[in-house]
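Read through the structure below, which is laid out as structure tokens, and then see the notes.
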Amino acid sequence: MKKILIASTALISTAGLATAEVALSGRAEMGVYQYNAAFGGPNNGNIQFFQDIDVTFTMSGETDNGLTFGASVDLDEADGSGSFAAGNTLGASGATGNNSDDGGATIFISGSFGTVTMGDTDGALDWALTEAGNVGNPGSLADDETTHAGYLGAYLDGGNDGQILRWDYTSGAFGVAVSVEDDNGSKAVNVDPGYAVGFKYALDLSGTTVNFGLGYQKAAGAIAAGQTDQSSATGVSVSANFANGLSAGVTYTDMSDNANDKHVGLGLGYTTGAISVHANYGKFTGEGANPDTKGYGLAAAYDLGGGAVVHLGYGSSKVTGGPTAKSMSVGLGLSF
Amino acid sequence: MKKILIASTALISTAGLATAEVALSGRAEMGVYQYNAAFGGPNNGNIQFFQDIDVTFTMSGETDNGLTFGASVDLDEADGSGSFAAGNTLGASGATGNNSDDGGATIFISGSFGTVTMGDTDGALDWALTEAGNVGNPGSLADDETTHAGYLGAYLDGGNDGQILRWDYTSGAFGVAVSVEDDNGSKAVNVDPGYAVGFKYALDLSGTTVNFGLGYQKAAGAIAAGQTDQSSATGVSVSANFANGLSAGVTYTDMSDNANDKHVGLGLGYTTGAISVHANYGKFTGEGANPDTKGYGLAAAYDLGGGAVVHLGYGSSKVTGGPTAKSMSVGLGLSF
Amino acid sequence: MKKILIASTALISTAGLATAEVALSGRAEMGVYQYNAAFGGPNNGNIQFFQDIDVTFTMSGETDNGLTFGASVDLDEADGSGSFAAGNTLGASGATGNNSDDGGATIFISGSFGTVTMGDTDGALDWALTEAGNVGNPGSLADDETTHAGYLGAYLDGGNDGQILRWDYTSGAFGVAVSVEDDNGSKAVNVDPGYAVGFKYALDLSGTTVNFGLGYQKAAGAIAAGQTDQSSATGVSVSANFANGLSAGVTYTDMSDNANDKHVGLGLGYTTGAISVHANYGKFTGEGANPDTKGYGLAAAYDLGGGAVVHLGYGSSKVTGGPTAKSMSVGLGLSF
Numbered sequence: 015m016k017k018i019l020i021a022s023t024a025l026i027s028t029a030g031l032a033t034a035e036v037a038l039s040g041r042a043e044m045g046v047y048q049y050n051a052a053f054g055g056p057n058n059g060n061i062q063f064f065q066d067i068d069v070t071f072t073m074s075g076e077t078d079n080g081l082t083f084g085a086s087v088d089l090d091e092a093d094g095s096g097s098f099a100a101g102n103t104l105g106a107s108g109a110t111g112n113n114s115d116d117g118g119a120t121i122f123i124s125g126s127f128g129t130v131t132m133g134d135t136d137g138a139l140d141w142a143l144t145e146a147g148n149v150g151n152p153g154s155l156a157d158d159e160t161t162h163a164g165y166l167g168a169y170l171d172g173g174n175d176g177q178i179l180r181w182d183y184t185s186g187a188f189g190v191a192v193s194v195e196d197d198n199g200s201k202a203v204n205v206d207p208g209y210a211v212g213f214k215y216a217l218d219l220s221g222t223t224v225n226f227g228l229g230y231q232k233a234a235g236a237i238a239a240g241q242t243d244q245s246s247a248t249g250v251s252v253s254a255n256f257a258n259g260l261s262a263g264v265t266y267t268d269m270s271d272n273a274n275d276k277h278v279g280l281g282l283g284y285t286t287g288a289i290s291v292h293a294n295y296g297k298f299t300g301e302g303a304n305p306d307t308k309g310y311g312l313a314a315a316y317d318l319g320g321g322a323v324v325h326l327g328y329g330s331s332k333v334t335g336g337p338t339a340k341s342m343s344v345g346l347g348l349s350f
Numbered sequence: 015m016k017k018i019l020i021a022s023t024a025l026i027s028t029a030g031l032a033t034a035e036v037a038l039s040g041r042a043e044m045g046v047y048q049y050n051a052a053f054g055g056p057n058n059g060n061i062q063f064f065q066d067i068d069v070t071f072t073m074s075g076e077t078d079n080g081l082t083f084g085a086s087v088d089l090d091e092a093d094g095s096g097s098f099a100a101g102n103t104l105g106a107s108g109a110t111g112n113n114s115d116d117g118g119a120t121i122f123i124s125g126s127f128g129t130v131t132m133g134d135t136d137g138a139l140d141w142a143l144t145e146a147g148n149v150g151n152p153g154s155l156a157d158d159e160t161t162h163a164g165y166l167g168a169y170l171d172g173g174n175d176g177q178i179l180r181w182d183y184t185s186g187a188f189g190v191a192v193s194v195e196d197d198n199g200s201k202a203v204n205v206d207p208g209y210a211v212g213f214k215y216a217l218d219l220s221g222t223t224v225n226f227g228l229g230y231q232k233a234a235g236a237i238a239a240g241q242t243d244q245s246s247a248t249g250v251s252v253s254a255n256f257a258n259g260l261s262a263g264v265t266y267t268d269m270s271d272n273a274n275d276k277h278v279g280l281g282l283g284y285t286t287g288a289i290s291v292h293a294n295y296g297k298f299t300g301e302g303a304n305p306d307t308k309g310y311g312l313a314a315a316y317d318l319g320g321g322a323v324v325h326l327g328y329g330s331s332k333v334t335g336g337p338t339a340k341s342m343s344v345g346l347g348l349s350f
Numbered sequence: 015m016k017k018i019l020i021a022s023t024a025l026i027s028t029a030g031l032a033t034a035e036v037a038l039s040g041r042a043e044m045g046v047y048q049y050n051a052a053f054g055g056p057n058n059g060n061i062q063f064f065q066d067i068d069v070t071f072t073m074s075g076e077t078d079n080g081l082t083f084g085a086s087v088d089l090d091e092a093d094g095s096g097s098f099a100a101g102n103t104l105g106a107s108g109a110t111g112n113n114s115d116d117g118g119a120t121i122f123i124s125g126s127f128g129t130v131t132m133g134d135t136d137g138a139l140d141w142a143l144t145e146a147g148n149v150g151n152p153g154s155l156a157d158d159e160t161t162h163a164g165y166l167g168a169y170l171d172g173g174n175d176g177q178i179l180r181w182d183y184t185s186g187a188f189g190v191a192v193s194v195e196d197d198n199g200s201k202a203v204n205v206d207p208g209y210a211v212g213f214k215y216a217l218d219l220s221g222t223t224v225n226f227g228l229g230y231q232k233a234a235g236a237i238a239a240g241q242t243d244q245s246s247a248t249g250v251s252v253s254a255n256f257a258n259g260l261s262a263g264v265t266y267t268d269m270s271d272n273a274n275d276k277h278v279g280l281g282l283g284y285t286t287g288a289i290s291v292h293a294n295y296g297k298f299t300g301e302g303a304n305p306d307t308k309g310y311g312l313a314a315a316y317d318l319g320g321g322a323v324v325h326l327g328y329g330s331s332k333v334t335g336g337p338t339a340k341s342m343s344v345g346l347g348l349s350f
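Chains as they are written, first to last, in my numbering: chain A, 15 to 350; chain B, 15 to 350; chain C, 15 to 350.
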């Protein structure tokens, strides 16, 4: 429901020219949220106000021979992020001040060869798979339903700094992608770039679309303590959007050289009129002596139209032997 | 190849649709300023360059059943603010990076029930009263006239983090508001949310409008040292805008559980053609052994049209027994 | 007086009104870069991803009597920059949060008297001279060609905080400017504002334009260790743009009270169709026992049209007796 501030479609169509431009969209959220001590965070306790706002700058253009290109950066990505140590220079964000990090921004160029994207984008495994939270999920203010400890959303992306270069190509129902996450040119032993490959296939069964995803990924960065190689993962997903508003999906991910042996995720969604509901469940099976971790998430929404939606979110997590972490949020999500 | 972002009012009116959008406005100030050692600050001494700039993103939309909603955030609110300690994460601002703080942003939804606003907005007492600096004040570059030590502008707002949820309703000449400032869900003893209630009445005397304001507020946050309860305040204001360009106002605020016993403020403004002048005076009477604090501010402006205004500001403050703090600024204020 | 960005060129032209507005433009860069250990930086080693993005807000307006005014600030200038010490307040940037610093923003007002600019702008010497990197240079992603150690780009601007107030006036082929960089009102002994004066002359030889620049500058801020006065510089430049696409330029700068005695810079550029190439060389001759420093830079570009350009940059630097520092970048520069 993002309405961009468009630059006079009438004027452009009259002139008939491709033109580079910057469009604005916005998002604001207000409500209340609460989470318990096991969930962590500075304000665990009673219910409190929830408020967030952001502006997105979306840039687009076209070369003389018809390649399209574009980029995207958010207002919050102008800001330094992460933890400050005395004397460091993290004030300028990675998006605008650090050329070796994406800082949340993405840039792409697209043509008959496919699309090449650099930045804070999905690696090829994540690109190919439809994870549980992407199955008919209307979202929530605090993302409770996709931040529980049993949720797997980014696979092995982010082994180094999460800056990814991906090529993807779609032809009819079939799609393929290859991606690299760099290691910032490191010469250190056992620090390497990561890579991934993914495949998609969309099967149309007269009104019901069934999406298949398959991929493999090797993580970027250093080898984790106690492992002999960078983590790797092979994943598969199947999801379906039924004509009656129901959607369902399952993912299975097998991991190596990782504290987890495998992950299973399930997602369900249903939309009828202005109402959407979603639930997902996920479980990591620990490798060897590592504990299992599981959790579930719920999201419900009522669309008021015009970009305003009432949201409710809930998440619950449990590491075997530990306490149950819980979080919830309710309020208005406003898209502009 | 710089293309400006134009918005096609024509297109929108033709389509006849309510559409969510993000609008841009800007403000730039250049001039000189000076302040003495008693005023404080890092560069007290000789006259120096003054320069400030900001961009505001104003979002607006409408639901299908006619509720209007919107939000506002400034470019400087994308930035972390406040004081940095080693290891903390204040880089991401409260507006975009901290869901429990407004960081300067506001969000509202409005309908026949009135308007509900969350964020960096006035509490109900501040909403109801017309403080001395809001009486015909054209403003200044360094806000000298409203930052002197005798000035009371925000009443007890900001006892915790200044994030306020306010409902207000206006019917004809009468207005009412109720507000809450939360305590971030704190479970600590003696840390509580604050609240306020306020009433407005506008009396139209054939060309002269007389505005009455009345309200009560209990501060959010912790009980101050040496007090037995959160501070509270009862305030009243009367102000008038005369047909000849003169405006005048007075406020009286009685405080409890506070280092100050009461505050009186007086404001005067006069506008003729392109010229505006303003003066205000304020005095805090200390509770018990606490000293009195008083000050005055002056502002003058000449409007060049098109958004450009020449500004002059002056402020003077004195705590009983202490030195006089002085500040002044002069230059151009540009609105876009 | 906040004017929102509505705009619709059609609406403005119909109404025939000058209107204050805020325009957006953007820039995104993606590619790879590499630099050696002698160049410095955190990621010297193998080749790595390069990515940068920025948004510029350009404000413009006009007073009732025809003075034009404007201002500019970038998204990255919303951010705090520089080095953080525990407890300081650098989170809010100089552009938006520190009134005594420009933080990268500029503000101007212009009329028949010329143009007065405040902020992150060229001092009068830099304004008058055409430095080597401004001779037919298409630029590069990492600015390799203008960041080598033999490059002189800003002359003595930035002796204090780089905030400059400049008046310039152009009449036909002749231009003159005077500038001041302030010392933030310092009362310290031997800390003073700096100033500069510059002259330009453009000679048109039937298709070939020859630009002459001449200026003098005294640096702002403190006297450097081992010197008896603030640094000063006298510079001259001659550059020419030939009708066949070739451009060439030379600068000579004589310095006093400085670790360098003099600087010579040479620049060459050539553009044919979509292709542009540029080379420059610069050398600082050390004063007394100070070593000489020299370097060269190369830039090449291929314009894809619509704002997309393929860039290649290279820089090489050497301080007498030290290692050779090298950097290069290649990729896409996208302007929106």
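For every residue, glycine included, the Cβ atom is placed at its ideal position computed from N, Cα and C.
Source: prediction; values computed, not measured.
Residue i and residue j closer than 8 Å at C-beta
i, j, result
"LEU399/C", "HIS277/C", "Any property of residue 399/C remains undetermined from this structure, which presents chain C solely from 15 to 350."
"LEU139/B", "GLY249/B", "yes"
"GLY199/B", "GLY59/A", "yes"
"GLY129/C", "ALA85/C", "The question names Gly, but residue 129/C in the sequence shown is Thr. The answer is no: Cβ separation not under 8 Å."
"VAL252/C", "VAL224/C", "yes"
"GLY137/B", "ALA210/B", "yes"
"GLY283/C", "GLY150/C", "yes"
"GLU145/A", "TYR328/A", "no"
"ALA191/B", "GLY167/B", "no"
Separation of residue j from residue i, as counted between CA atoms
i, j, result
"ASP353/C", "GLY259/C", "Not covered by the structure: residue 353/C. The range shown for chain C is 15 to 350."
"ASP306/C", "LEU89/A", "44 Å"
"PRO207/C", "SER74/C", "29 Å"
"LYS332/A", "SER343/B", "59 Å"
"GLY335/A", "LYS308/A", "12 Å"
"SER126/C", "LEU38/B", "30 Å"
"GLY300/C", "GLU43/C", "36 Å"
"TYR47/A", "ALA339/A", "14 Å"
"ALA100/B", "ILE67/A", "With a pLDDT of only 49 at ALA100/B, under the threshold of 50, the placement of this residue in the model should not be trusted, and no figure is reported."
Residue i: first and last residue of the uninterrupted beta strand (DSSP E) it sits in
i, result
"THR161/C", "THR161/C -> no beta strand (DSSP E), and no H or E assigned at all."
"GLU293/C", "Residue 293/C is actually Ala in this sequence, not Glu. That run of the beta strand (DSSP E) goes 289-300."
"ALA254/C", "246-255"
"THR33/C", "That residue, THR33/C, is in no beta strand (DSSP E); it is neither H nor E in DSSP."
"ASN274/B", "274-286"
"TYR145/B", "Correcting the residue identity first, residue 145/B is Glu in this sequence and not Tyr. Run containing GLU145/B: none; DSSP gives neither H nor E here."
Enclosing alpha helix (DSSP H) for residue i [first to last residue]
i, result
"LEU139/C", "138-142"
"GLY167/A", "Note, GLY167/A: premise wrong, no alpha helix (DSSP H); not H, not E."
"GLY108/B", "108-111"
Which of the residues in the stretch 61-74 of chain C, read from start to end, lie with their CB under 7 Å from any CB of chain A? ILE61, GLN62, PHE63, PHE64, GLN65, ASP66, ILE67, ASP68 and VAL69
If you measure beta-carbon to beta-carbon, which residues of the stretch 114-125 of chain B are closer than 7 Å to chain A? Residues are counted here when their Cβ sits less than 7 Å from a Cβ of chain A; for the stretch 114-125 of chain B these are SER114, ASP116, ALA119, ILE121 and ILE123, given in chain order.
Does the stretch 110-128 of chain C come close enough to the stretch 228-235 of chain C to have 3 or more Cβ pairs within less than 8 Å? Contact between the stretch 110-128 of chain C and the stretch 228-235 of chain C is absent: fewer than 3 CB-CB pairs across the two stretches fall below 8 Å.
May I ask you to list, following chain order, the residues of the stretch 187-202 of chain C that have a beta carbon less than 7 Å from some beta carbon of chain B? ASP196, ASN198, GLY199, SER200 and LYS201
Using a Cβ-Cβ cut-off of less than 7 Å, give me the residues of the stretch 276-303 of chain C that come near chain A, in sequence order. The residues in question: there are none.
Against chain A: residues of the stretch 146-174 of chain B by CB proximity under 9 Å: Those residues of the stretch 146-174 of chain B placed with their C-beta closer than 9 Å to a C-beta in chain A do not exist.
Please identify, using Cβ separations under 7 Å, the residues of the stretch 228-240 of chain C that lie next to chain B, in order along the chain. Taking 7 Å as the Cβ-Cβ cut-off, the stretch 228-240 of chain C has no residue approaching chain B.
Evaluate the contact criterion for the stretch 309-324 of chain C versus the stretch 143-160 of chain C: three or more CB pairs, one atom per stretch, below 8 Å. With the rule of 3 Cβ pairs closer than 8 Å, the stretch 309-324 of chain C counts as touching the stretch 143-160 of chain C.
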